[in-house]
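**Q**
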Amino acid sequence: MFTERAKLSVLSKRCLAVLILASMAVSSADAARGKAWTDPAKAAKEDPDFMIQGEYGSAKPGADYGVQVVALGGGNFEAYVLDGGLPGLGWTRDKVRSVLKGSRDGGKITFVPFSKKNIPINEKISGKITGGKFLLTVLGGKKLALPRIERKSPTLAAKPPKGAIVLFDGSSAEHWNNGKVENGYLRATGCTSKQFFTDYSLHLEFRTPYMPTARGQGRGNSGIYHSGRWETQVLDSFGLEGRDNEAGGIYSVSKPRLNMCLPPLAWQTYDVDFTAAKFDADGKRTAWARITVKLNGVLVHKDLELPKNFTTAAPIRSALVNGEGPVFIQNHNNPVVYRNIWLTTPSTSGQSKPAPVSFGMGKVELAEEKVVAGRKVLRYEHDSHPDWGYEKSQSDYFNVVPSPKVKNNVPLRVILHGAGKSGDKAMTAGLAAKEGLMHFYGDENFTLLYLDCRKNRETDWWWGYHNIKRSGDTYKDGLTPAEKRVLSTIEWVVQKYNIDRNRIYLSGVSMGGSGSLGLGMCRGDIFAAINVMVPAGIGHFLHRMENAAHPKPAPVVNFSSHTDRWSKDQKDFMSYMDKNKYLTVYAWGPFGHTADAHKSKSVVLEYPWLDFVKNQAYPVFTNATTNQKYPGFMNKQAPDQKGQINAYFRWKNITDQAKRFEIQLRMVTKKELKKSVDTPASAIADVTLRRLQNFKVNQSAKYKWSMIQGKSILQTGEVSPDKQGLITIKGVKIQAQPALLVVVPVK
-6 MFTERAKLSV LSKRCLAVLI LASMAVSSAD AARGKAWTDP AKAAKEDPDF MIQGEYGSAK
54 PGADYGVQVV ALGGGNFEAY VLDGGLPGLG WTRDKVRSVL KGSRDGGKIT FVPFSKKNIP
114 INEKISGKIT GGKFLLTVLG GKKLALPRIE RKSPTLAAKP PKGAIVLFDG SSAEHWNNGK
174 VENGYLRATG CTSKQFFTDY SLHLEFRTPY MPTARGQGRG NSGIYHSGRW ETQVLDSFGL
234 EGRDNEAGGI YSVSKPRLNM CLPPLAWQTY DVDFTAAKFD ADGKRTAWAR ITVKLNGVLV
294 HKDLELPKNF TTAAPIRSAL VNGEGPVFIQ NHNNPVVYRN IWLTTPSTSG QSKPAPVSFG
354 MGKVELAEEK VVAGRKVLRY EHDSHPDWGY EKSQSDYFNV VPSPKVKNNV PLRVILHGAG
414 KSGDKAMTAG LAAKEGLMHF YGDENFTLLY LDCRKNRETD WWWGYHNIKR SGDTYKDGLT
474 PAEKRVLSTI EWVVQKYNID RNRIYLSGVS MGGSGSLGLG MCRGDIFAAI NVMVPAGIGH
534 FLHRMENAAH PKPAPVVNFS SHTDRWSKDQ KDFMSYMDKN KYLTVYAWGP FGHTADAHKS
594 KSVVLEYPWL DFVKNQAYPV FTNATTNQKY PGFMNKQAPD QKGQINAYFR WKNITDQAKR
654 FEIQLRMVTK KELKKSVDTP ASAIADVTLR RLQNFKVNQS AKYKWSMIQG KSILQTGEVS
714 PDKQGLITIK GVKIQAQPAL LVVVPVK
């Protein structure tokens, strides 16, 4: 019986033979279609149409219109007028898309209404290009002058994280069968990765040639086949409708949410999360493969099921027998090139998806150095960066309080202020406070970062959530300017102050609490844990979590009050966290919208949330018998007017190896708490394992678990992973005396 690798070898040879014959038949047609430019400088010099083709409008969200101009050769063009701005910045499939036909007349190009299939003619729109601008006339005779812009993907030149598998760095094609390097780029020669993979997160960059006289599938065609079976299309489909056989599409399976293809000869990016098909011990398929795709930083497919054995022209076309396969780059007789190809797998990274943590940084200057409450404070002022997306440039500031004790691998606490304070006032109050989890940041082992959103509240207020409320569709899959500014500032501080990337913690009060949930929960690749006090709503949080792919969220400690008018939806927050098996430690009391953690249950006040580390596993507890029942919004009659969820549990990582995982579980004792609080002797809870680093979870396998105390086995059983690949052990008895939870695969 052939293995998948053996089949691929035979099929690759067959495909190569077919492609050689096809290239002979197509070569004459290619010659008739004209030249294919692969160098932008040469294209600009030899064809004046090249510098006309492109995008016209604003690189920031909120524009009324955007225009994409496509060169068709010989001074002929098509222009697509998009209501709401360019794709990824405002235009979506439900908005109007009009087409104009243009031709060159001397130094001016005039565009008139035109009708194409599925695009009705709009006789009230016209335009012309002169002086590098598209002069657009729209409904009512309104005239707009749109400059030509060149956008870049936010993940362009993304560096492979530690432990990533680098498939191509420009030096050689050693990781590819039939791979060829030209000018430091990997050519689309029908090459196959020598290494096979199951689940992975892939980053690659591609560039299609400039072929103005070519059409359809003959214009910059290639493709990336995942597991050698399912294709994410590569094509110069700039300005087109956005079908399954165009850039961003899953060929013959699904069209992209929108066409995010950039003009030819621009470097473009794919960032793909691929989950292989799953099989049980008998070889029966239990789940189809799934895929999440970002094209040029914009989500075009989210957790899409791939309900086929393969897509058209796949090198592997046999029935599925396991989930393993290679990355394959298709040859379609067009000079498409690739660079910066790398991926991470569950065994190489503890994160679900590598993603950028910075969007550039404006010019930063040290404005002031002073001492506050005995701590050195450095105030930095900076300009905005164009990639953040602000409509107008603005200046901002942030305060850094360096750790006086730790110089290298310093843990960092990031603080988002509430509506009643600025970044300056939050810092002053925090450093002066003597107690209170949300206000006291005096631990000298931490560097502190205080950010501000009050100075430019028109654009930044509510840490970007007001922008989301105004333009929800615009920010479904992308961060707001304020959020990009916050993440970029954090990255700047991380690099300058030798911060430990595995120990970055996010805090916020009120507006800063809702901002911390909204920004922090979707960036589990950055934050080790999150702590919020009286968060003002969860709209920001839900918008982020429900509308975009994201790394797995960080654990959350949440202090709230059911008698707070902002807590109306806190029950929904707890339900969401429980349903998705995300860890929340929660405290409430009848103290209203006041940021005083000492009015909460003190056992939660002393919860060791700063012990979470991003590159270490931790347990998620759900359905614990020791949890109080949340009374509900403004319910002052329910019995548990003060209560907690999951605050009595403690843990310690022992072993995280490929085939063995051990974690110590116990209950906190009354003796170790600072204040006198009665603590339960034991609890029964469901335990889910998160952030596993080395322990390999096979969705089709079974695992034996045991609770061991000394030489005694207290509990034991078997468990299968769920659809997310998570191991959840139900009904674990946890006591004050530590016990070891051991998980191993069933042989």
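In the working numbering, the protein residues as written are -6 to 740.
In this text, a Cβ means the ideal position worked out from N, Cα and C, and glycines have one as well.
If contacts are defined as beta-carbon pairs under 8 Å, then TYR49 and PRO140 qualify, I think. What distance do you get, rounded to the angstrom?
**A** Position 56 of the sequence shown, counted from the first residue, corresponds to residue 49. Position 147 of the sequence shown, counted from the first residue, corresponds to residue 140. That belief holds up - the Cβ atoms of TYR49 and PRO140 are roughly 7 Å apart, short of 8 Å.
**Q** In angstroms, rounded to a whole number, what distance separates the CA positions of TYR58 and GLY100?
**A** As a working mapping, residue 58 is identified with position 65 in the sequence shown. As a working mapping, residue 100 is identified with position 107 in the sequence shown. Rounded to whole angstroms, TYR58 to GLY100 spans 24 Å at the Cα level.
**Q** Measuring straight from C-alpha to C-alpha, what distance separates LEU734 and ILE677?
**A** Reading the sequence shown from its first residue, position 741 is the one you call residue 734. Reading the sequence shown from its first residue, position 684 is the one you call residue 677. Distance between the alpha carbons of LEU734 and ILE677 is about 14 Å.
**Q** By how many angstroms is the C-alpha of VAL291 removed from the C-alpha of ASN495?
**A** Along the sequence shown, read from residue 1 onward, the residue named residue 495 stands at position 502. Along the sequence shown, read from residue 1 onward, the residue named residue 291 stands at position 298. Each residue's alpha carbon lies about 27 Å from the other.
**Q** Along the chain, where does the alpha helix (DSSP H) that runs through LEU160 open and close?
**A** Residue numbering aside, residue 160 sits at position 167 when the sequence shown is read from its first letter. Segment 158 to 161 is the beta strand (DSSP E) holding LEU160; no alpha helix (DSSP H) there.
**Q** Across the segment 357 to 367 and the segment 454 to 461, are there enough close Cβ pairs to call them in contact, namely three or more that are closer than 8 Å?
**A** Contact between the segment 357 to 367 and the segment 454 to 461 is absent, because fewer than three Cβ pairs lie under 8 Å.
**Q** Would you call the segment 104 to 113 and the segment 278 to 292 touching, i.e. three or more CB-CB distances under 8 Å?
**A** They do not touch, by the three-pair rule.
**Q** Taking the alpha-carbon positions, what's the GLN692 to VAL174 distance?
**A** Here residue 692 refers to the residue found at position 699 of the sequence shown. Here residue 174 refers to the residue found at position 181 of the sequence shown. For GLN692 and VAL174, the distance between alpha carbons rounds to 38 Å.
**Q** So LEU512 is in the alpha helix (DSSP H); what residue range does that whole segment cover?
**A** In the sequence shown, residue 512 corresponds to position 519, counting from 1. 504 to 513 is the span of the alpha helix (DSSP H), which, as asked, contains LEU512.
**Q** Quick check on the DSSP output: the alpha helix (DSSP H) that includes GLU451 runs from which residue to which?
**A** Within the sequence shown, the letter at position 458 stands for residue 451. First-last of the alpha helix (DSSP H) with GLU451: 450 to 453.
**Q** If you drop the 5 nearest sequence neighbours on each side, which residues of the same chain put their C-beta closer than 8 Å to that of LYS136?
**A** Along the sequence shown, one-based indexing puts residue 136 at 143. Only LEU128, LEU129 and THR130 meet the Cβ criterion.
**Q** Do the CB positions of VAL320 and THR201 come within less than 7 Å of each other?
**A** By one-based count along the sequence shown, residue 320 stands at place 327. By one-based count along the sequence shown, residue 201 stands at place 208. Cβ atoms of VAL320 and THR201: not closer than 7 Å.
**Q** Does the separation of the CB atoms of ALA240 and GLN226 fall below 7 Å?
**A** Against the sequence shown, residue 240 aligns to sequence position 247. Against the sequence shown, residue 226 aligns to sequence position 233. Yes.
**Q** Considering only residues of the same chain and omitting the five flanking positions on each side of VAL690, which have a CB-CB separation below 7 Å?
**A** Taking the sequence shown and counting its residues from 1, the one referred to as residue 690 is at position 697. These residues qualify, in order along the chain: PRO714, GLY718 and ILE720.
**Q** If you count every other CB in all the chains shown that lies within 10 Å of the CB of GLY343, and 16 or more means buried, which is it?
**A** Locating residue 343 in the sequence shown gives position 350, counting from the first residue. The predicted model places GLY343 with a pLDDT of 40, which falls under 50 and marks its position as unreliable; any figure quoted below should be read in that light. Classification for GLY343: buried.
**Q** In the DSSP assignment, what residue or residues form a beta bridge with MET526?
**A** What you label residue 526 is simply residue 533 of the sequence shown in a count that begins at 1. Beta-bridge pairing links MET526 to VAL502 and PHE552.
**Q** Which value, in whole angstroms, describes the spacing of the CA atoms of ALA617 and SER568?
**A** As a working note, residue 617 is residue 624 in the sequence shown. As a working note, residue 568 is residue 575 in the sequence shown. The alpha-carbon atoms of ALA617 and SER568 are separated by roughly 14 Å.
**Q** Give me the residue from TRP455, ALA425, VAL725 and ALA694 with the minimum Cα distance to GLY413.
**A** Counting from 1 along the sequence shown, the entry for residue 413 is found at position 420. When each option's Cα is compared against that of GLY413, the closest is TRP455.
**Q** Given 8 Å as the limit, is there contact between the segment 517 to 530 and the segment 385 to 392, that is, 3 or more CB pairs closer than that?
**A** Contact between the segment 517 to 530 and the segment 385 to 392 is absent, because fewer than three Cβ pairs lie under 8 Å.
**Q** Distance check for ARG653 and ALA56, CA to CA, integer angstroms please.
**A** As a position in the sequence shown, residue 56 is number 63, starting the count at 1. As a position in the sequence shown, residue 653 is number 660, starting the count at 1. When rounded, the distance between both Cα atoms is 54 Å.
**Q** With DSSP collapsed to three states, give me the class of TRP84.
**A** Here residue 84 refers to the residue found at position 91 when the sequence shown is read from its first residue. Correct three-state label for TRP84: strand.
**Q** Please report the residue range of the beta strand (DSSP E) in which LEU409 lies.
**A** Working through the sequence shown from its first residue, we reach residue 409 at position 416. Note, LEU409: beta strand (DSSP E), 403 to 409.
**Q** Helix, strand or coil for VAL370, going by three-state DSSP, please let me know.
**A** In the sequence shown, counting from the first residue as 1, residue 370 sits at position 377. If DSSP states are grouped into helix, strand and coil, VAL370 belongs with the strands.
**Q** So the beta strand (DSSP E) ILE309 belongs to, where does it begin and stop?
**A** As a working note, residue 309 is residue 316 in the sequence shown. It is not in any beta strand (DSSP E) - ILE309 carries neither H nor E in the DSSP assignment.
**Q** Between the Cα of THR452 and the Cα atoms of ALA475, LEU441, TYR443 and GLY465, which residue gives the shortest distance?
**A** As a first step, residue 452 must be located in the sequence shown, where it is residue number 459. Comparing Cα positions, the closest option is ALA475.
**Q** Tell me where the beta strand (DSSP E) around ALA425 begins and ends.
**A** Residue 425 sits at position 432 when you count from the first residue of the sequence shown. ALA425 -> not in any beta strand (DSSP E); alpha helix (DSSP H) instead, spanning 416 to 425.
**Q** Kindly indicate which residue of VAL527, THR577 and PRO738 has the alpha-carbon position closest to the one of SER754.
**A** Given a span of -6 to 740 for the chain in the structure shown, any question on residue 754 remains unanswerable.
**Q** For the segment 593 to 634, list the beta strand (DSSP E) runs that are entirely contained and at least 3 residues long, ordered along the chain.
**A** 611 to 615, all fully within the segment 593 to 634.
**Q** When you compare only the Cα positions, how much space is there between ILE497 and ALA522?
**A** Here the question's residue 497 lines up with position 504 in the sequence shown. Here the question's residue 522 lines up with position 529 in the sequence shown. Spanning the two alpha carbons is a distance of roughly 7 Å.
**Q** Do GLN46 and VAL60 count as a contact pair if the criterion is CB distance below 7 Å?
**A** Here the question's residue 60 lines up with position 67 in the sequence shown. Here the question's residue 46 lines up with position 53 in the sequence shown. Cβ atoms of VAL60 and GLN46: not closer than 7 Å.
**Q** So what does DSSP say about ALA676, is it helix, strand or coil?
**A** If you number the sequence shown from 1, residue 676 lands on position 683. Strand.
**Q** Apply the 10 Å Cβ neighbour rule to GLU224 and answer buried if 16 or more other Cβ atoms are within range, or exposed otherwise.
**A** Numbered from 1 along the sequence shown, position 231 holds the residue referred to as residue 224. Burial call: buried.
**Q** Do TRP260 and LEU442 have their C-beta atoms closer together than 7 Å?
**A** Translated into the one-based positions of the sequence shown, residue 260 becomes position 267. Translated into the one-based positions of the sequence shown, residue 442 becomes position 449. Going by C-beta atoms, TRP260 is not nearer than 7 Å to LEU442.
**Q** Return the chain-ordered list of same chain residues with a C-beta closer than 7 Å to the C-beta of ASN573, the five sequence neighbours on each side being excluded.
**A** Here residue 573 refers to the residue found at position 580 of the sequence shown. Nothing listed; no residue qualifies.
**Q** Do you know how far the Cα of PHE231 is from the Cα of TYR263?
**A** Stepping through the sequence shown from its first residue, residue 263 is reached at position 270. Stepping through the sequence shown from its first residue, residue 231 is reached at position 238. Each residue's alpha carbon lies about 15 Å from the other.
**Q** Let me make sure I understand the geometry here. Which of ASP266, ASP229 and ARG222 has the alpha-carbon closest to that of ASP192?
**A** Indexing the sequence shown from 1 puts residue 192 at position 199. With distances taken between Cα atoms, ASP192 lies closest to ASP266.
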